[in-house]
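There are 4 protein chains.
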Amino acid sequence: MAVSREDKYERILDAAIEAFAEVGYHSCQVSKIARIAGVADGTIYLYFKNKEDILIRLFTERMGDFIQLIRSKMESCQDTRSRLRAIVHTHLTHMENNRALATVTQVELRQPNSSLYSAIAVPLREYFRLVEEVIEEGIKQNEIIPSLNVRVARQMVFGTIDRATTDWIFARSERSLSKETDCMLKLFSGALGLPKE
Amino acid sequence: MAVSREDKYERILDAAIEAFAEVGYHSCQVSKIARIAGVADGTIYLYFKNKEDILIRLFTERMGDFIQLIRSKMESCQDTRSRLRAIVHTHLTHMENNRALATVTQVELRQPNSSLYSAIAVPLREYFRLVEEVIEEGIKQNEIIPSLNVRVARQMVFGTIDRATTDWIFARSERSLSKETDCMLKLFSGALGLPKE
Amino acid sequence: MAVSREDKYERILDAAIEAFAEVGYHSCQVSKIARIAGVADGTIYLYFKNKEDILIRLFTERMGDFIQLIRSKMESCQDTRSRLRAIVHTHLTHMENNRALATVTQVELRQPNSSLYSAIAVPLREYFRLVEEVIEEGIKQNEIIPSLNVRVARQMVFGTIDRATTDWIFARSERSLSKETDCMLKLFSGALGLPKE
Amino acid sequence: MAVSREDKYERILDAAIEAFAEVGYHSCQVSKIARIAGVADGTIYLYFKNKEDILIRLFTERMGDFIQLIRSKMESCQDTRSRLRAIVHTHLTHMENNRALATVTQVELRQPNSSLYSAIAVPLREYFRLVEEVIEEGIKQNEIIPSLNVRVARQMVFGTIDRATTDWIFARSERSLSKETDCMLKLFSGALGLPKE
DNA sequence: AATGAATGAGCCTTCATTCAT
DNA sequence: GATGAATGAAGGCTCATTCAT
């Protein structure tokens, strides 16, 4: 069976994730992506405008999926604690299951002054917004102490998860990342003043 | 008086911080650093092995200074809360006062598989160790609840500060970063179970 | 009725003339010709060996037709003056009516060291020969002064027409090209010593 | 003695003329020019913006010099015949002595829709203007019949010279080009109605 | 030590051509 | 015959690094 057009696009994207994770975006040659994807160099340009376009689409598409995943996991949650748990656990599990993507995300997410930044900014801000909504709702429901700064609280939640992920990537050990969900949640509970379980 | 060897070295390093902050390490040409530093391209190679060496030395030296600064600020602290406050406040203030350095630090800190990573790892781990020591001491002194995972707690402290800094850099607004010290400390107090003030 | 093989061949040739005229042979992509002709890229290679072959056939066929046209116009001419007039007028009118072809002809006629040159050389030399025959016949009939160099005289006739055509193409104005027939003929009459009308 | 900056610029220009003449602008690799000039590929880009810039500067500078040469040769001329002779003879001699330049000029002078065309247009128009001035002055001095179209007359003068040059280039024979000055002048005399010598 | 012109390896991208359908 | 997705060779240009002055 021939490889369909859809498949090829995805294969190039997957190859790019693997390649970027291994050597970083800037040190990665387009021909390396092509080799991993099993296509010719020129084929890449049938699906992507240029090298940067690969990175941009990678972020927007995969992060879009990721945020959808988190939203769906949160639907059945009744209280703030379980919503936070859904975020933390889904995030850590997803990174654990997609280590290469995690590596790229952690590393390349922060380029200054590039068209890349503005492309990334949209899904990232959407994620931030989602976390802040959970916090705001928690305050409204009297589950979270009202006096805290919502943005800083969100920075704590995301920053902690993000840092744990980065540490896990660089540690290269086999230790589980998602197992840290409970530790993290306990800290967040105390910080936000969530009621005892 | 002629510019001494020391001065020229520092001037190149400062120029590099400015240049890297503006366009990013990979997009920055050595000649740009030379122009900002007011020296010839070739002169850079009298002081640095190559382009990457500039970045490595930049991190190790400036982060070394930074850690020294934090240690000195912490010397007079008697309890865990004030030690944490010293860390948070010194970190945020330092980044606020050295925005270009902050930009480089936040952006370029995470290159995979490069000799850069191992160079950065040393001072970064020292900083992590410092935070973890404060937490461990807090547990020993019964100021922090003992059941938490020290590493995850450190990831929270550093991750939150780090994320707040990144947000502040990309926000490009004039809002103060160091003013968030108290918000952050309140969260950490709750998370770690610090006694009421 | 389906488009016949003949038709498709001609359509590609016409498309090539249009495309080459617009952007020049070297800057013209084969896919552009295909798009204008309304065929797939690959189809072109069913009718032409390669890109250069399109240009070669374009010249040989269209110039062959052009020379036939001039010959037929000259058949009814009784004297040198009317023969020259036929050449000049037919040439200018033809270029005026086929501006795109004229553009390609004027521009691409002169590539050094290519298989293109030798392909063009044949019809071009035939045209030159035709002009020189008119001159030689004029000398034999005592209509043209015998002391002139036939080749140089032909260079004058062709060069003048050719230059006027090039100027007209680049002028992009709406001024008529064929209207210059009489001016040109008057110059040629004086140069060649044709008898008064 | 070191090669001065000026020299290197000229050497690259000369190398480009030779290389373009041999294989044509489009088929000529920048590395070929570099090899002939005896410099590294990158050095070219210290002196020229890009490949097209080489061609543009080549035309503007060398044609500027050429027009100056013709002007200087014409200064001592007292009548129209000697002015025309100066133009024809200087043009033919110059092309004969600079065959490679002539080849490039004849071939690459006519690219449509490129920034090249507008760059060439200026010196070329200046040359046309010079020829037309000679004709206009001749009419004013009653040396040339007044009824002719000046533009077409100029097209004849330039077109004939240009065509003779092209023929000479493609002939590749050792026959002299400049020796045709007199043939050509005799034709022009008759065409323009110049008084007998 | 300082310079900056010169180097040349390296890479992204294009596009003529092919070939499985 | 017709298609157009896929190919991959080729080349213009950049820029970190060198070295003669």
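Protein chains in written order, with our numbering: chain A, -12 to 184; chain B, -12 to 184; chain C, -12 to 184; chain D, -12 to 184. Glycine included, every Cβ here is placed at the ideal spot set by N, Cα and C.
To the nearest angstrom, how far is it from the Cα of residue 140 of chain D to the Cα of residue 165 of chain C? 16 Å
**Report entry** Classification of residue 33 of chain C by the beta-carbon crowding that lies within 10 angstroms, buried from 16 upward
**Finding:** exposed
query = For residue 167 of chain B and chain A, any beta-carbon pair shorter than 9 Å?
reply = yes
- Item | Opening and closing residue of the alpha helix (DSSP H) in which residue 78 of chain C lies | Per DSSP, residue 78 of chain C belongs to the alpha helix (DSSP H) from 67 to 84.
- [ ] Could you tell me which chain A residues have their CB closer than 7 Å to the CB of residue 173 of chain B, listed as they occur along the chain?
- [x] 135, listed in chain order.
Check whether residue 125 of chain C and residue 179 of chain C have beta carbons under 9 Å apart = yes
**Message:** Quick check on residue 46 of chain A - is its C-beta less than 9 Å from some C-beta in chain B?
**Reply:** no
| task | Quick one: grab the DSSP three-state call for residue 56 of chain A. | result | helix
Examine chain B for any beta-carbon lying closer than 9 Å to the beta-carbon of residue 16 of chain A, and answer yes or no. no
Taking DSSP as the reference, what is the three-state secondary structure of residue -12 of chain C? Only weak support is given to the placement of residue -12 of chain C: the predicted model assigns it a pLDDT of 43, under 50, and the question is left unresolved by the model.
Step through the CB atoms of chain D and report whether any lies within less than 9 Å of the CB of residue 148 of chain C. The C-beta of residue 148 of chain C comes closer than 9 Å to at least one C-beta of chain D.
If you follow the alpha helix (DSSP H) that residue 105 of chain A is part of, which residue opens it and which one closes it? Going by DSSP, residue 105 of chain A is part of the alpha helix (DSSP H) stretching over 102 to 127.
> Name the chain B residues whose beta carbon is nearer than 9 Å to that of residue 98 of chain A?
Replying inline: 11, 13, 14, 94
- request: Could you tell me the distance, in whole angstroms, from the CA atom of residue 153 of chain C to the CA atom of residue 52 of chain C?
  value: 21 Å
Quiz prompt | Local conformation of residue 138 of chain C per DSSP, three classes | solution = Of the three classes helix, strand and coil, the one that applies to residue 138 of chain C here is helix, per DSSP.
For this session: State the Cα-Cα distance for the pair residue 151 of chain B and residue 45 of chain A, rounded to the nearest angstrom.
Result: 25 Å
### Query
How would you list, in chain order, the residues of chain D whose beta-carbon sits under 7 Å from the beta-carbon of residue 213 of chain C?
Here chain C covers residues -12 to 184 and nothing more, so residue 213 of chain C does not appear.
Do you know how far the Cα of residue 13 of chain B is from the Cα of residue 160 of chain C? 51 Å
Mind pulling the chain C residues with CB within less than 9 Å of residue 151 of chain D? 138, 139, 142, 143, 146
**Asked** Among residues of its own chain, excluding the 5 on either side of residue 15 of chain D, which ones have a beta-carbon nearer than 6 Å to its beta-carbon?
**Response** Exclusion of the five residues before and after residue 15 of chain D leaves 6, 7 as the residues of its chain whose Cβ lies within less than 6 Å of its Cβ.
| said: If we define contact as Cβ-Cβ less than 9 Å, is residue 157 of chain D a contact residue for chain C? | reply: yes
Give me the subset of the stretch 61 to 92 of chain B whose CB atoms are less than 8 Å from a CB atom of chain A, sorted by chain position. 90
| task | Can you give me the Cβ contacts of residue 149 of chain A inside the same chain, cut-off strictly under 8 Å, excluding the 5 residues immediately before and after it? | result | 93, listed in sequence order.
### Message
Counting only beta-carbon separations shorter than 9 Å, does residue 132 of chain B have a partner in chain A?
### Response
yes
Notebook entry, point to check: Counting only beta-carbon atoms, is residue 178 of chain C nearer than 9 Å to chain D?
Noted result: yes
(request) Under 7 Å between beta-carbons, which chain C residues line up against residue 154 of chain D? List them in chain order, please. (result) Within chain C, 142 have C-beta atoms less than 7 Å from the C-beta of residue 154 of chain D, given in sequence order.
message: Do residue 176 of chain A and residue 68 of chain A have their beta-carbon atoms positioned less than 9 Å apart in this structure?
response: yes
Quick check on the DSSP output: the alpha helix (DSSP H) that includes residue 34 of chain D runs from which residue to which? Run containing residue 34 of chain D: 28 to 34, per the alpha helix (DSSP H) assignment.
Check the Cβ-Cβ distances between residue 108 of chain A and every residue of chain B, and say whether any is below 9 Å. yes
### Task
Answer yes or no: do residue 31 of chain C and residue 114 of chain C have a C-beta to C-beta separation smaller than 9 Å?
no
Point to revise | Minimum C-alpha distance to residue 91 of chain A - residue among B/63, B/181, B/84, B/97 | key: B/97
Would you report the Cα separation of residue -12 of chain A and residue -6 of chain A, rounded to the nearest angstrom? In this predicted model, residue -12 of chain A has a pLDDT of only 38, less than 50, meaning its place in the structure is not dependable; the value taken from the coordinates is given anyway. Rounded to whole angstroms, residue -12 of chain A to residue -6 of chain A spans 12 Å at the Cα level.
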